[in-house]
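Numbering (the working numbering), first residue to last: -8 to 83. Where a beta carbon is used, it is the ideal one built from N, C-alpha and C, also for glycine. Predicted, not measured: the structure shown is a model, and the values here were computed from it.
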Amino acid sequence: MGFEWDERKNQECIQKRGISFKRAALVFDDPNRIERVDIRYDYGEERIVVLGRSAGRLLYVVYTWRGNTRRIISARKANKDERQIYFSQIYA
């Protein structure tokens, strides 16, 4: 199971948010990560959001499956509400 992404979007994310998709992929190593299907819009494909730690930061990562490969679509630092959700799960 590997990862892929659009390199242009990766570079935009690095410039806008200081987060590379390579770094974002590390959230999948977090045993406490939270994953759920994003049902807010019809994207034409199933998109999954993940809250997880990567290099000491809590990130919000969006991906979709392409065969057996996770295609990362976006990544950003988790906001206040997302941090609360993540930590309430750990310390519940």
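State the CB to CB distance for the pair residue 21 and residue 43, rounded to an integer number of angstroms; the pair is presumed to be in contact (CB under 8 Å).
-> 4 Å
When the Cβ atoms of the stretch 6 to 18 are set against those of the stretch 35 to 52, are three or more pairs found closer than 8 Å?
-> yes
Are three or more beta carbon pairs between the stretch 63 to 71 and the stretch -7 to 6 nearer than 8 Å?
-> These segments touch.
In this structure, what does DSSP give as the bridge partners for residue 42?
-> Beta-bridge pairing links residue 42 to 25, 51.
Would you report the Cα separation of residue 77 and residue 41, rounded to the nearest angstrom?
-> 10 Å
Who are the Cβ neighbours of residue 23 in its own chain at under 8 Å, not counting the five residues just before and after it?
-> Closer than 8 Å at the Cβ level, and outside the excluded window around residue 23, lie 43, 44, 77, 80, 81.
Please determine, among 4, 48, 56, the residue with the shortest C-alpha to C-alpha distance to residue 37.
-> 56
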